[in-house]
Amino acid sequence: MSKKIAVLGAGAWGTALAIHLSRVGHEVVLWTHNAKAAKEMRTERQNRRYLKDNRFPDSLMVSDDLKASVSAVDGVLVVVPSHVFRDVLQQLAGILDGAKPHIAWATKGFEPDSLLLLHKVAQQVLGAELDMTVLSGPTFAAEVAKGLPTAMVSASQNPDEADFWAQAFHYANFRIYTQSDIVGVEVGGAYKNIMAIATGVSDGLGLGANARAALISRGMAEMMRLSLALGGNGETMMGLAGLGDLVLTCTDDLSRNRRFGFQLAKPGAKVDEVIERIGQVVEGVKAVRAVHQLAGKLDLDLPIMQEVYALVEGQETPEQAAKALLARDGKAEIE
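Just so you know, we're using my numbering here: the sequence shown kicks off at 26 and counts up by one.
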């Protein structure tokens with residue numbers, strides 16, 4: 026059945042999801058805080074900056090008025106960068122005024138200052154009793170916008186909430202699986218960006234396919250270690266939000282985190298300059314800084330993450346980071 030859904034955040038990912046939901050047949054409002062960008066998208070019927078040449082369906086509306094965007098909606102999907110996630114939820118909380126739409130987010134990462142996973146932020150802002158859902162999985166915005174085959178995960182501790190979003194997105198070759206491990210899904214969505222930087226650096230140094238495969242598999246072990254420490258289910262890492270997203274992000278140049286790592290491996294490259302060239306938020310940089318602090322607090326051994334952190338902080342060169350990983354003592358693979 027057709028629903029009215031507000032998508033908050035008009036970057037590439039938010040725009041792609043809004044296009045898909047409109048294609049399904051829902052009445053969709055895509056919200057951006059930028060009035061100029063909203064006007065351009067309404068006029069041109071595309072998001073020229075982030076998702077050029079993907080025309081908006083007729084049922085997709087664009088607004089810079091948050092209150093109007095979420096008025097009388099069935100669902101609110103938050104797709105803003107992790108560092109502004111709390112601010113947008115606070116604005117939303119002040120507007121809903123007792124209304125209780127289905128709330129989900131497709132944002133990946135940790136809150137930079139608090140180091141919290143985003144469901145913890147949502148609980149603080151919207152209340153611990155909130156039935157919340159996180160959407161994640163191996164997805165590139167450009168492919169979703171084009172209608173290419175896609176699979177995702179809808180994770181909520183309330184099966185009805187997970188199913189609401191699964192049904193909202195289900196269409197032709199777009200499939201969503203439901204589950205209840207919010208922690209595992211969020212860890213997978215954040216950590217894979219760190220690993221994409223690592224594999225990008227490896228490929229930028231010309232270390233070969235063997236090295237890339239080793240990084241992906243050992244990165245999976247690190248993801249699982251962190252997920253378990255935070256209360257997640259290890260099996261989630263073998264699914265779409267873990268292995269699926271990890272492989273996708275580490276092996277294709279549509280990943281801006283992978284592109285960031287690849288460019289950072291070039292002689293004289295600087296973090297800020299590479300980010301500026303990419304022109305979008307590189308979530309892996311924010312994620313590695315958060316996970317580095319978490320690993321210290323939780324006493325976790327996450328060696329690939331540690332080398333990516335040293336690299337983005339300018340403490341090591343790409344060659345030194347690679348050498349440090351290769352110089353580690355051998356150990357049992359299964360701990």
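All residues carry an ideal CB built from backbone N, CA and C; glycine is no exception. In this text, all values refer to a predicted model and were calculated from it rather than measured experimentally.
A straight line joining the alpha-carbon of residue 142 with that of residue 109 spans about 13 Å. For residue 247, the enclosing alpha helix (DSSP H) begins and ends at 234-254. Secondary structure at residue 27: coil, using DSSP grouped into helix, strand and coil. With contacts defined as CB atoms closer than 8 Å, residue 93 and residue 227 fail to qualify as a contacting pair. Counting only unbroken stretches of 4 or more residues, the alpha helix (DSSP H) elements lying wholly within the segment 53-107 are 60-69, 91-94, in sequence order.
Short of 7 Å from the beta carbon of residue 210, and not among the five residues preceding or following it, lie these beta carbons of its own chain, in chain order: 159, 161, 178, 180, 261, 266. Note on the segment 107-193: whole beta strand (DSSP E) runs with a minimum of 3 residues are 127-130, 157-161, 175-180, in chain order. By alpha-carbon distance to residue 44, the top candidate from 104, 30, 81 is 81.
Taking each of 157, 232, 309 in turn and checking the Cα distance to residue 217, the smallest one comes out for 309. Residue environment: residue 245 is assigned as buried (16 or more neighbouring CB atoms within 10 Å of its CB, all protein chains considered). Per the DSSP secondary-structure output, residue 32 pairs in a beta bridge with 55, 102. By alpha-carbon distance to residue 128, the top candidate from 27, 135, 148 is 148. Taking residue 102 as reference, the option from 139, 29, 299, 302 with the minimal CA-CA separation is 29. Annotated three-state conformation of residue 274 is helix, per DSSP. If you draw a 10 Å sphere on the C-beta of residue 340, you find fewer than 16 other C-beta atoms in it, and that means exposed. C-alpha of residue 248 to C-alpha of residue 107: approximately 19 Å in a straight line.
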